Amino acid sequence: ETAVFQTPNYHVTQVGNEVSFNCKQTLGHDTMYWYKQDSKKLLKIMFSYNNKQLIVNETVPRRFSPQSSDKAHLNLRIKSVEPEDSAVYLCASSPGGARDTQYFGPGTRLLVL
Amino acid sequence: GQQVQQSPASLVLQEGENAELQCNFSTSLNSMQWFYQRPGGSLVSLFYNPSGTKHSGRLTSTTVIKERRSSLHISSSQTTDSGTYLCALERTGSFNKLTFGAGTRLAVCP
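Chains as they are written, first to last, in the working numbering: chain V, 149 to 261; chain S, 771 to 880.
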């Protein structure tokens with residue numbers, strides 16, 4: 149049963165363009181995350197929000213910016229994409245922090261040409 | 771160096787065989803989790819296991835903190851077990867961040 153929704157599923161764009169990814173969870177969780185999974189399948193956290201507040205901000209390029217309108221939504225904007233941004237972006241949520249079970253969305257696959 | 775190391779990197783089994791996946795870490799931790807990722811799919815949480823042994827159907831997870839390792843045992847493997855198994859830990863002092871291993875890719879053949 150899918151309770152973490154991501155759009156789009158797949159996006160192809162060119163270097164320099166702006167893209168936005170959306171994530172919504174219907175689990176009533178307080179915390180949401182963005183992860184990046186590279187071609188080697190290594191998963192790295194990018195951002196974490198708790199009740200609309202940014203609590204984790206890993207060292208990512210400034211062109212990445214998360215946006216949260218409420219605790220059920222966490223979007224990700226990339227201002228000017230680069231080829232190395234090609235990856236799968238996974239959104240997740242958990243009731244509290246990282247010690248709770250995290251529930252993942254299906255991911256958004258980005259290809260930058 | 772890499773803080774979370776998983777082994778083997780890949781594994782091929784005949785249906786019915788057992789598997790033991792390892793996760794070794796070089797840092798103290800607050801929590802340890804195991805996830806399963808279907809080919810091309812999202813992650814599913816298997817275990818939250820900061821210490822001790824937990825069972826779920828054919829799966830068993832054992833975490834031994836003082837030895838800095840966690841294992842995932844799959845018994846009587848099925849073709850539907852094929853996919854990638856990832857361990858992730860929350861390091862001590864690293865609030866709300868999971869550090870993932872590179873995963874073990876499992877293929878179970880009929």
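Cβ atoms here follow ideal geometry from the backbone N, Cα and C, with glycine treated the same way.
Because the structure is a prediction, the values reported are computed rather than measured.
Put K200(V) into one of helix, strand or coil per three-state DSSP.
-> The sequence position of residue 200(V) within the first sequence is 52, counting from 1. K200(V) falls in the coil class under three-state DSSP.
Are H843(S) and E790(S) closer than 8 Å when you measure CB to CB?
-> Position 73 of the second sequence holds residue 843(S). Position 20 of the second sequence holds residue 790(S). In this structure, E790(S) lies closer than 8 Å to H843(S) by Cβ.
Reference F817(S), options I226(V), L224(V), L259(V) and Y251(V), closest by Cα | Within the second sequence, residue 817(S) is the residue found at index 47, counting from 1. Of the listed residues, the one whose Cα sits closest to F817(S) is Y251(V).
Between the stretch 868-878 of chain S and the stretch 827-834 of chain S, do at least 3 Cβ pairs fall closer than 8 Å?
-> Contact check between the stretch 868-878 of chain S and the stretch 827-834 of chain S: fewer than three CB pairs, one atom from each, fall below 8 Å, which does not count as touching.
Among H221(V), Q201(V), A151(V) and V163(V), nearest to D233(V) - alpha-carbon criterion | Walking along the first sequence from the start, residue 233(V) turns up at place 85. That would be V163(V), whose Cα lies nearest to the Cα of D233(V).
Compute the distance between the beta-carbons of G863(S) and R808(S), then report whether it is under 8 Å.
-> Position 93 of the second sequence holds residue 863(S). Position 38 of the second sequence holds residue 808(S). The answer is no: Cβ separation not under 8 Å.
Stretch-stretch touch, CB-based, cutoff 8 Å, three pairs: the stretch 218-233 of chain V with the stretch 163-178 of chain V = With the cut-off at 8 Å, the stretch 218-233 of chain V and the stretch 163-178 of chain V touch.
Per-residue DSSP class, three states only, for P214(V) = As a working mapping, residue 214(V) is identified with position 66 in the first sequence. Residue state, collapsed to three classes: strand.
Buried/exposed call for C857(S), threshold 16 Cβ in 10 Å | Taking the second sequence and counting its residues from 1, the one referred to as residue 857(S) is at position 87. The Cβ neighbour count for C857(S), taken over all protein chains shown within 10 Å, is at least 16; the residue is labelled buried.
By the criterion of Cβ-Cβ separation under 7 Å, what are the contact partners of R247(V) in chain S?
-> As a first step, residue 247(V) must be located in the first sequence, where it is residue number 99. Correct list: N800, S801 and E860.
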